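All remarks here apply to the structure that follows.
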Amino acid sequence: MNDYYESFPQSEFFENKLFLTICFKPFTTEDKVTHFFSRGKKQKDIFKEPVNEMNEICDRLNTYLSRFHSRRLGLYEDHGVVYSDQLSLFQYLLSGRWQKVRVSSSPFYTYLGGKDLFLW
70 MNDYYESFPQ
80 SEFFENKLFL
90 TICFKPFTTE
100 DKVTHFFSRG
110 KKQKDIFKEP
120 VNEMNEICDR
130 LNTYLSRFHS
140 RRLGLYEDHG
150 VVYSDQLSLF
160 QYLLSGRWQK
170 VRVSSSPFYT
180 YLGGKDLFLW
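Quick note: the sequence shown uses the numbering used here, first residue 70, plus one each step.
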């Protein structure tokens, strides 16, 4: 193992980035049918519990990963313009270049993937 570490020059800095994705399927087929036939409930009420459950899962994961100085991808503002870390990650995966990606009302598949997107 020492040979491995000695192979790196002392002056260089190496960094690894790890991105985790949480997938959550809140409704079973039976739940979807039940919600379809019980139209008395408001649509917002249907998603309230699953959103809270997903937030709890994310908070638990943040707690587990806090010793690694992890952070959630989210939105941020720069000079009055809103950008998305998540869209920047998708842009990197599609084009191989890290770029700021503005939040737009258009579907993201219409503007992700090109290398000339919002270059500074």
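C-beta: ideal position from N, C-alpha, C; glycine also. Predicted, not measured: the structure shown is a model, and the values here were computed from it.
Within the stretch 116-142, complete alpha helix (DSSP H) segments of at least 4 residues are not found at all. Non-local C-beta neighbours of residue 172 in its own chain, meaning closer than 8 Å and more than five positions away in sequence, comprise 144, 151, 152, 153, 156, ordered along the chain.
In terms of Cβ geometry, residue 91 and residue 115 do not form a close pair [threshold 8 Å]. Residue burial is scored here from C-beta neighbours: residue 102 has fewer than 16 other C-beta atoms within 10 angstroms and is therefore classed as exposed.
Rounded to the nearest whole angstrom, the CA to CA distance from residue 182 to residue 138 is 29 Å. Judged by DSSP secondary structure, residue 145 falls within the beta strand (DSSP E) whose first and last residues are 144-147.
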